[in-house]
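**Q** My questions will all concern the structure given below.
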Amino acid sequence: MIKKKAILRFDSTTVEKPVTYYLIKKYDLWINILQARFEPSLGGKLVIELRGEKKQLDQAFAYLKEQNIRVDFLEEEISWDKLKCNHCGACVSICPVGALKMNRETYYLEFNYQDCVVCGYCTDACPVQAIEIIF
Amino acid sequence: MGKFKRTYEEINEKIARKEAVIMTAEEVIALKEEQGIEEATKMVDVVTTGTFGPMCSSGAFINLGHSDPLIRMQKVWLNDVMAYAGLAAVDIYLGATQLSESERSDYGGGHVIEEFIRGKEIRLKAVSSGTDCYPAREVEAIISKETVNQAFMVNPRNTYQNYNVAVNQSAKTIYTYMGILLPELGNASFSTSGQLSPLINDPDLRTIGIGTRIFIGGTEGYVIWEGTQYSPKAMPVLEKDMVARMGASLALIGDLKKMNPDFIQAAYISGYGVTLYVGIGIPIPILDEDIMRTASIRNEEIYTEILDYSCPHPDKPSLGWVNYAELRSGQIDIKGKKIPTSSISSYAKARTIAHTLKEWIEKGEYFLQEPIEFFPSQRELHRLKTTRVY
Chain A
2 MIKKKAILRF
12 DSTTVEKPVT
22 YYLIKKYDLW
32 INILQARFEP
42 SLGGKLVIEL
52 RGEKKQLDQA
62 FAYLKEQNIR
72 VDFLEEEISW
82 DKLKCNHCGA
92 CVSICPVGAL
102 KMNRETYYLE
112 FNYQDCVVCG
122 YCTDACPVQA
132 IEIIF
Chain B
1085 MGKFKRTYEE
1095 INEKIARKEA
1105 VIMTAEEVIA
1115 LKEEQGIEEA
1125 TKMVDVVTTG
1135 TFGPMCSSGA
1145 FINLGHSDPL
1155 IRMQKVWLND
1165 VMAYAGLAAV
1175 DIYLGATQLS
1185 ESERSDYGGG
1195 HVIEEFIRGK
1205 EIRLKAVSSG
1215 TDCYPAREVE
1225 AIISKETVNQ
1235 AFMVNPRNTY
1245 QNYNVAVNQS
1255 AKTIYTYMGI
1265 LLPELGNASF
1275 STSGQLSPLI
1285 NDPDLRTIGI
1295 GTRIFIGGTE
1305 GYVIWEGTQY
1315 SPKAMPVLEK
1325 DMVARMGASL
1335 ALIGDLKKMN
1345 PDFIQAAYIS
1355 GYGVTLYVGI
1365 GIPIPILDED
1375 IMRTASIRNE
1385 EIYTEILDYS
1395 CPHPDKPSLG
1405 WVNYAELRSG
1415 QIDIKGKKIP
1425 TSSISSYAKA
1435 RTIAHTLKEW
1445 IEKGEYFLQE
1455 PIEFFPSQRE
1465 LHRLKTTRVY
């Protein structure tokens, strides 16, 4: 499962479309509405968190593009406080993509930011709150 | 068995002359393999161990100092975390797992202890019904390690000998004190530092008893009693033709004011609560070949049991045995399935502790204390006979 945050922007032509319904029903996504602001018949914006399989998320974004709904991703990244981290490795078996690895020589944790999909599971798994999601 | 013997006096004389040979429990493994038990025993005087894991049964006694007018504190809070005050007027015990009474559910006694060691200021609130000799009914103050009188950590149960491996066979994720356990054997969590673990390197506690001088939280401390739930066992691991040692634990004491935040760390285990990482190291004097044999034990030789934590009862179903080399490799095999492992104790810190203790001894600053009393080799564990469970 991958988590993404996005701002969906609607205009007068798209504001009537039941987009959230389609995202859930058609693409099996978990939708969490973080913010919604609409002027009836004018348009508005919807800030949502989408969670689902990568393939379905990609298809959902293609669908939104087709519908002429502008999507801006809220860039998120994981912040790892190396000084606070005690290198226990509680996060290692929780990370679904293997971005957090234990070095088997030094027994220090290694974090490969390129592989990270910002799912946020490690933030719950860390006993000393050394990992956070930042915007 | 070889006849070579060494006494505490001989070791301490060598330490005083800075001639003692000290190795960590990891370093000594290679030496034993090269030189054999007999030679290794003659060469090494002390083997140092270490562990840095969450140890819930930890806390500290603090004497807060008297206010003017006097108060006999009946309820006390430090940063909204309640401390036990059923002692003399301004004596308290702050437990590591006590949760904050404010809205923050991820803050507790462990955090107050860490902040105290860091020298931070802490908000104190105390209430009383008032007496003729202690008339004050309410007190607020800012305290720190500079303002209080004695502050010493007394931990009823630390350095558990050999903890089990936690897995989850159920269909939903569970949040335990062993961390997050994913459904359908999605991961496995363990804690013991294996070949560096203090009570694995001296499994019969031949050199560890009341009075043993230890490393605790970055300072010197002592073993004061057998740990709570102390119940040493030797369990046969039949299919491997090995014996797993487990169940021993220690009660420890150390000066909170002298501790170092590198070796004491508050923790919040998601969905479980607050606890405290405590760094402990114990030096093992190499008195004879038998002690060298256990002090040079390797991860491959140390077994622990895999238990299903989705079962809420004390006797959790066993899924077999595994050794620490397999656990440290990053994945283990259960029922033919490869399962990723996580440790909730820090092996890197355990190593640092064993090395720090080694340096202290090498510098001639730290001497080995022969135990005043030893602990029993067996102790039956009682279960609570309840009259009602809700």
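As you go down the protein sequences, you meet chains A and B in turn. All the letters of the first sequence, read from the start, carry residue numbers 2 to 136 under my numbering. All the letters of the second sequence, read from the start, carry residue numbers 1085 to 1474 under my numbering. Just so you know, even glycine gets a beta-carbon here, dropped at the ideal spot from N, CA and C. Model, not experiment: these values are computed from the prediction.
Given 8 Å as the limit, is there contact between the stretch 72-85 of chain A and the stretch 123-135 of chain A, that is, 3 or more CB pairs closer than that?
**A** Because the criterion of three Cβ pairs below 8 Å is met, the stretch 72-85 of chain A and the stretch 123-135 of chain A touch.
**Q** Can you tell which of B/N1233, B/S1273, B/E1118 and B/T1257 has the C-alpha that lies nearest to the C-alpha of B/F1200?
**A** Taking the first residue of the second sequence as 1, we reach residue 1200 of chain B at position 116. Nearest option by C-alpha distance: B/N1233.
**Q** Can you grab the Cα-Cα spacing for the pair B/Y1218 / B/D1152, in whole Å?
**A** Position 134 of the second sequence, counted from the first residue, corresponds to residue 1218 of chain B. Position 68 of the second sequence, counted from the first residue, corresponds to residue 1152 of chain B. So the two alpha carbons sit approximately 10 Å from each other.
**Q** For the stretch 1431-1442 of chain B against the stretch 1126-1138 of chain B, do three or more pairs of beta-carbon atoms, one drawn from each stretch, fall closer than 8 Å, so that the two count as touching?
**A** Verdict: yes, contact present.
**Q** Which complete alpha helix (DSSP H) runs does the stretch 1174-1262 of chain B hold, if anything under 4 residues is left out?
**A** Runs of the alpha helix (DSSP H) inside the stretch 1174-1262 of chain B: 1193-1201.
**Q** Quick one: Cα of B/V1473 to Cα of B/K1317, how far?
**A** Taking the first residue of the second sequence as 1, we reach residue 1473 of chain B at position 389. Taking the first residue of the second sequence as 1, we reach residue 1317 of chain B at position 233. Distance between the alpha carbons of B/V1473 and B/K1317: 29 Å.
**Q** Does the beta carbon of A/F95 sit closer than 7 Å to a beta carbon anywhere in chain B?
**A** Against the first sequence, residue 95 of chain A aligns to sequence position 94. Inspection of the sequence shows that residue 95 of chain A is occupied by Ile rather than by Phe. Yes, A/I95 lies at the interface with chain B (some Cβ there is under 7 Å from its Cβ).
**Q** Is there a Cβ of chain A sitting closer than 7 Å to that of B/N1271, yes or no?
**A** Here the question's residue 1271 of chain B lines up with position 187 in the second sequence. Judged by the 7 Å Cβ criterion, B/N1271 is in contact with chain A.
**Q** In angstroms with no decimal places, state the Cα-to-Cα distance between B/K1229 and B/K1116.
**A** As a working mapping, residue 1229 of chain B is identified with position 145 in the second sequence. As a working mapping, residue 1116 of chain B is identified with position 32 in the second sequence. If you take the alpha carbons of B/K1229 and B/K1116, they lie about 45 Å apart.
**Q** For a contact meaning CB atoms closer than 7 Å, what does A/M103 contact in chain B?
**A** Counting from 1 along the first sequence, the entry for residue 103 of chain A is found at position 102. Per Cβ cutoff of 7 Å: G1414.
**Q** Could you tell me whether the Cβ atoms of A/R52 and A/K18 are closer together than 7 Å?
**A** If you number the first sequence from 1, residue 52 of chain A lands on position 51. If you number the first sequence from 1, residue 18 of chain A lands on position 17. Result no, Cβ atoms of A/R52 and A/K18 do not sit closer than 7 Å.
**Q** Any contact between the stretch 1120-1128 of chain B and the stretch 1374-1384 of chain B? By contact I mean 3 or more CB pairs, one from each, below 8 Å.
**A** Output reads yes: the stretch 1374-1384 of chain B touches the stretch 1120-1128 of chain B.
**Q** Expressed to the nearest angstrom, what Euclidean distance is found between the alpha-carbon atoms of B/E1449 and B/V1307?
**A** As a first step, residue 1449 of chain B is located in the second sequence; it is residue number 365 there, counting from the start. As a first step, residue 1307 of chain B is located in the second sequence; it is residue number 223 there, counting from the start. Spanning the two alpha carbons is a distance of roughly 19 Å.
**Q** Can you check whether the C-beta of A/N113 is within less than 7 Å of a C-beta belonging to chain B?
**A** Walking along the first sequence from the start, residue 113 of chain A turns up at place 112. For A/N113, the answer is no, since every Cβ of chain B falls outside 7 Å of its Cβ.
**Q** Which of the three DSSP states, helix, strand or coil, is assigned to A/D82?
**A** Residue mapping note: residue 82 of chain A aligns to position 81 of the first sequence, counting from 1. Coil.
**Q** Which of helix, strand or coil does DSSP assign to B/D1417?
**A** To locate residue 1417 of chain B, count along the second sequence from 1; it is residue 333. In this structure, B/D1417 counts as strand in the three-state DSSP scheme.
**Q** Alpha carbon to alpha carbon, what distance is there between B/E1443 and B/G1476?
**A** The first residue shown for chain B is 1085 and the last is 1474, placing residue 1476 of chain B beyond what the model contains.
**Q** Opposite A/V72 in the DSSP bridges: which residues?
**A** Taking the first sequence and counting its residues from 1, the one referred to as residue 72 of chain A is at position 71. Answer by DSSP bridge pairing, in chain order: A/L9.
**Q** Can you give me the start and stop residues for the alpha helix (DSSP H) that A/N104 sits inside?
**A** Residue 104 of chain A sits at position 103 when you count from the first residue of the first sequence. It is not in any alpha helix (DSSP H) - A/N104 carries neither H nor E in the DSSP assignment.
**Q** Closer than 7 Å, CB to CB, is B/P1424 near chain A or not?
**A** Walking along the second sequence from the start, residue 1424 of chain B turns up at place 340. Closer than 7 Å: yes.
**Q** Starting from the beta carbon of A/D125, find every residue of chain B whose beta carbon is closer than 9 Å, and list them in chain order.
**A** Position 124 of the first sequence holds residue 125 of chain A. Correct list: Y1259, I1264, S1354 and G1355.
**Q** Please go through the same chain and pick out, in chain order, the residues whose beta-carbon is closer than 8 Å to the beta-carbon of B/I1206, but skip the five residues on each side of it.
**A** Translated into the one-based positions of the second sequence, residue 1206 of chain B becomes position 122. If we look at B/I1206 and ignore the five residues flanking it on each side, its Cβ neighbours are L1162, N1163, V1196, E1199, F1200, I1226, I1227 and S1228.
**Q** How many angstroms separate the CA atom of B/I1121 from the CA atom of B/L1183?
**A** As a working note, residue 1121 of chain B is residue 37 in the second sequence. As a working note, residue 1183 of chain B is residue 99 in the second sequence. Approximately 49 Å, taken between the alpha carbons.
**Q** Would you say B/T1296 and B/D1339 are within 7 Å of each other, going by their C-beta atoms?
**A** Position 212 of the second sequence, counting from 1, holds the residue named residue 1296 of chain B. Position 255 of the second sequence, counting from 1, holds the residue named residue 1339 of chain B. The answer is no: Cβ separation not under 7 Å.
**Q** Considering only residues of the stretch 1285-1347 of chain B, which uninterrupted beta strand (DSSP E) runs meet the minimum length of 3 residues and lie entirely inside it, listed in chain order?
**A** The stretch 1285-1347 of chain B contains these whole beta strand (DSSP E) runs: 1297-1300, 1303-1310, 1317-1321, 1326-1330 and 1334-1339.
**Q** Closest Cβ-Cβ distance between B/P1421 and chain A: below 7 Å?
**A** Along the second sequence, read from residue 1 onward, the residue named residue 1421 of chain B stands at position 337. Checking the sequence shown, residue 1421 of chain B turns out to be Lys, not Pro. Answer no: the Cβ-Cβ gap between B/K1421 and chain A never drops below 7 Å.
**Q** Output needed for B/S1213: all residues of its chain with C-beta closer than 8 Å, excluding positions within five of it in sequence on either side, in chain order.
**A** As a first step, residue 1213 of chain B is located in the second sequence; it is residue number 129 there, counting from the start. So the qualifying residues of the chain are Q1158 and R1221.
**Q** What in chain B is Cβ-close to A/G121, meaning under 8 Å?
**A** The residue you call residue 121 of chain A lines up with position 120 of the first sequence. Residues of chain B passing the Cβ test: none, with the nearest at roughly 12 Å.
**Q** Is it true that the stretch 1137-1155 of chain B meets the stretch 1099-1112 of chain B, where meeting means three or more beta-carbon pairs spaced less than 8 Å apart?
**A** Flag = no, the stretch 1137-1155 of chain B and the stretch 1099-1112 of chain B do not touch.
**Q** With C-beta atoms as the reference, is A/A7 less than 7 Å away from A/V98?
**A** Start at 1 with the first residue of the first sequence, and residue 7 of chain A comes out as number 6. Start at 1 with the first residue of the first sequence, and residue 98 of chain A comes out as number 97. Cβ distance not < 7 Å, so A/A7 and A/V98 don't count as in contact.
**Q** With 16 other CB atoms within 10 Å as the buried threshold, where does A/N186 fall?
**A** Residue 186 of chain A falls outside the range modelled here, since chain A spans only 2 to 136, and no answer is possible.
**Q** Kindly list the residues whose CB is nearer than 8 Å to the CB of B/T1312, restricted to its own chain and excluding five residues on each side of it in sequence; keep chain order.
**A** Stepping through the second sequence from its first residue, residue 1312 of chain B is reached at position 228. Result list for B/T1312: S1141, P1240, R1241, S1333 and A1335, in chain order.
**Q** Out of A/Y122, A/T21, A/C92 and A/K66, which one is the CA nearest neighbour of A/M2?
**A** The residue labelled residue 2 of chain A in the question sits at position 1 within the first sequence. Nearest option by C-alpha distance: A/Y122.
**Q** Give a yes or no on whether 7 Å exceeds the smallest Cβ distance from A/N33 to chain B.
**A** Counted from its first residue, the first sequence places residue 33 of chain A at position 32. So no, A/N33 is outside the interface.
**Q** Check the DSSP bridge columns for B/N1147 and list the partner residues they point to.
**A** On the second sequence, position 63 is the one that residue 1147 of chain B refers to. Its beta-bridge partners are B/D1175.
**Q** With distances taken Cα to Cα, identify the nearest neighbour of A/N33 among A/H88, A/C92 and A/I25.
**A** Stepping through the first sequence from its first residue, residue 33 of chain A is reached at position 32. Selected option, being the one with the closest Cα: A/I25.
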